[in-house]
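Student: One structure is given below, represented as structure tokens, and several questions about it will come after.
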Amino acid sequence: MFISQSWHYFNDFWPMSLTMALGSFVAGSTPTGGAAVAFPVFTKVLDISAADARTFGFMIQSIGMTSAALYIWHRKLPVLKPVILFASLGGIIGNLIAQNGIEIPAGIAKITFTSLLCMFALALLYCTCSTKPKSQYLKLHVTKKSARLEFFIAGVFGGFIAEMTGSGVDIIVFILLTLSYRVSEKISIPTTVICMAINSIYGFITHAFYIQDTAPMFGPWLVSIPIVAIGAPIGAWLVTQISNKSIICLICFLVALDLISSLAILNFNTSMYQTICLSCLVCGSTFYCLIKRTK
Numbered sequence: 001m002f003i004s005q006s007w008h009y010f011n012d013f014w015p016m017s018l019t020m021a022l023g024s025f026v027a028g029s030t031p032t033g034g035a036a037v038a039f040p041v042f043t044k045v046l047d048i049s050a051a052d053a054r055t056f057g058f059m060i061q062s063i064g065m066t067s068a069a070l071y072i073w074h075r076k077l078p079v080l081k082p083v084i085l086f087a088s089l090g091g092i093i094g095n096l097i098a099q100n101g102i103e104i105p106a107g108i109a110k111i112t113f114t115s116l117l118c119m120f121a122l123a124l125l126y127c128t129c130s131t132k133p134k135s136q137y138l139k140l141h142v143t144k145k146s147a148r149l150e151f152f153i154a155g156v157f158g159g160f161i162a163e164m165t166g167s168g169v170d171i172i173v174f175i176l177l178t179l180s181y182r183v184s185e186k187i188s189i190p191t192t193v194i195c196m197a198i199n200s201i202y203g204f205i206t207h208a209f210y211i212q213d214t215a216p217m218f219g220p221w222l223v224s225i226p227i228v229a230i231g232a233p234i235g236a237w238l239v240t241q242i243s244n245k246s247i248i249c250l251i252c253f254l255v256a257l258d259l260i261s262s263l264a265i266l267n268f269n270t271s272m273y274q275t276i277c278l279s280c281l282v283c284g285s286t287f288y289c290l291i292k293r294t295k
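The sequence shown begins at 1 in my numbering and counts up by one.
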């Protein structure tokens with residue numbers, strides 16, 4: 001902003017920068033990513049297309065979540081490096097699959113994201129109420145091919161969703177870590193922040209140079225950079241200062257806001273109802289299996 005003297009963009013895009021004041025904090029402190037705030041606000045309140053909101057999510061997270069990742073690295077916060085490797089590789093594959101020949105209607109993308117967040121919140125609440133101890137162990141047994149494949153597939157699925165909404169790898173990997181491996185949020189959140197930072201950088205690069213659809217979001221991205229570069233590391237720092245229950249309450253509050261906005265704003269049709277039912281069935285079955293086979 002200082003170099004290009006582009007402060008005039010704030011006149012037109014200040015709502016986006018205001019949105020990212022919360023989004024950047026969420027990106028660094030929760031496993032939902034900044035796009036979890038940007039996507040619903042942009043598509044439901046600011047009437048921006050789902051495709052542009054998704055692209056903006058990649059663009060802004062490549063700054064904010066990378067800043068948070070650098071803070072995590074600098075402070076040597078505990079992370080699961082093998083998980084980051086396999087999930088990130090899978091995320092890139094998921095991006096590629098979604099980018100080539102698969103077009104998702106905007107309404108379906110919105111409701112899929114909301115359904116996933118709701119199922120995620122319910123699963124998280126279950127883990128909170130569960131009496132099973134949480135693991136602080138930093139060396140998950142990902143040397144086994146089955147474990148590597150799990151995180152790789154989670155990354156593929158998350159990358160596919162991210163190509164619709166701008167966020168996904170972090171959510172899916174977090175679900176696997178907390179439900180199946182019972183990893184503490186203090187470890188799983190920094191791990192998923194780095195996963196999504198890598199996926200966002202890749203997504204930004206492909207959309208900027210291969211798909212070439214970043215131009216409409218350049219102004220909003222530019223005015224949001226100073227905010228997310230500071231907000232995301234603050235969020236990453238806050239994770240080390242507050243309890244797991246406080247983190248979970250924040251996540252559930254954001255999910256509730258997204259659900260309420262979806263019910264109030266979206267015009268539902270038959271395909272969207274079908275998507276809700278399918279999402280609930282798939283997510284519910286998956287979560288049940290993960291909980292039952294807790295490591």
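Yeah, the Cβ is synthetic: ideal placement off N, Cα and C, and Gly gets one too. Because the structure is a prediction, the values reported are computed rather than measured.
Any contact between the stretch 76–88 and the stretch 182–200? By contact I mean 3 or more CB pairs, one from each, below 8 Å.
Tutor: Judged by Cβ distances under 8 Å, the stretch 76–88 makes contact with the stretch 182–200, as three or more pairs qualify.
Student: Which residue's Cα is closest to the Cα of residue 18: 172, 90, 221, 120?
Tutor: When each option's Cα is compared against that of residue 18, the closest is 221.
Student: Alpha carbon to alpha carbon, what distance is there between residue 211 and residue 59?
Tutor: Going from the Cα of residue 59 to the Cα of residue 211 covers about 13 Å.
Student: Quick check: what's the CA-CA separation for residue 51 versus residue 161?
Tutor: Each residue's alpha carbon lies about 12 Å from the other.
Student: Taking all protein chains shown into account, do 16 or more other C-beta atoms lie within 10 angstroms of the C-beta of residue 145, making it buried, or fewer, making it exposed?
Tutor: Exposed, by the Cβ-count rule.
Student: Measure from the alpha carbon of residue 88 to the alpha carbon of each residue in 112, 37, 167, 36, then state which is nearest.
Tutor: Ranking 112, 37, 167, 36 by Cα distance to residue 88 puts 167 first.
Student: Quick check: what's the CA-CA separation for residue 278 versus residue 11?
Tutor: Roughly 42 Å separates the two Cα atoms.
Student: Reducing DSSP to helix, strand and coil, say where residue 79 ends up.
Tutor: Coil at residue 79, not helix or strand.
Student: For residue 286, report the span of its alpha helix (DSSP H) as first-last.
Tutor: Counting along the chain, the alpha helix (DSSP H) containing residue 286 begins and ends at 270–292.
Student: To the nearest angstrom, report how far apart residue 24 and residue 63 are at their CA atoms.
Tutor: Whole-angstrom Cα-Cα distance: 10 Å.
Student: Which residue spans inside the stretch 161–244 form an unbroken alpha helix (DSSP H) run of at least 4?
Tutor: Runs found: 169–175, 185–206, 218–239.
Student: Assign residue 183 to one of two classes, buried (16 or more other C-beta atoms within 10 Å of its C-beta) or exposed (fewer than that).
Tutor: Under this definition residue 183 is a buried residue.
Student: Indicate whether residue 195 and residue 173 have their beta-carbon atoms separated by less than 7 Å.
Tutor: Yes, Cβ-Cβ distance for residue 195 and residue 173 is below 7 Å.
Student: Would you mind sorting residue 253 into buried or exposed? The rule is 16 or more other CB atoms within 10 Å of its CB.
Tutor: Classification of residue 253: exposed, given that the 10 Å Cβ count is below 16.
Student: Just verifying my parser: in three-state terms, what is the DSSP assignment at residue 52?
Tutor: Residue state, collapsed to three classes: helix.
Student: Looking only at its chain, what residues have a beta carbon closer than 6 Å to the beta carbon of residue 115, apart from the 5 residues adjacent to it on each side?
Tutor: Closer than 6 Å at the Cβ level, and outside the excluded window around residue 115, lie 276, 279.
Student: So does the stretch 247–263 actually touch the stretch 30–41, counting three or more Cβ pairs closer than 8 Å?
Tutor: Yes: the two stretches touch, three or more of their Cβ pairs being nearer than 8 Å.
Student: In angstroms, rounded to a whole number, what distance separates the CA positions of residue 48 and residue 226?
Tutor: C-alpha separation (whole angstroms): 22 Å.
Student: Where does residue 258 fall in DSSP's three states?
Tutor: Helix, per DSSP.
Student: Is residue 283 closer than 7 Å to residue 343 when the C-beta atoms are compared?
Tutor: No statement about residue 343 is possible, as the shown extent of the chain runs from 1 to 295 and does not include it.
Student: DSSP three-state call for residue 114: helix, strand or coil?
Tutor: If DSSP states are grouped into helix, strand and coil, residue 114 belongs with the helices.
Student: Thinking residue 251 and residue 30 are a contact (beta carbons under 8 Å), I'd like their distance in whole angstroms, please.
Tutor: 5 Å between Cβ atoms; contact.
Student: Below 8 Å on the Cβ atoms is my contact criterion, and I expect residue 91 with residue 236 to pass it. Report the Cβ-Cβ distance as a whole number of Å.
Tutor: Not quite, the Cβ-Cβ distance comes to about 20 Å (not below 8 Å), so this is no contact.
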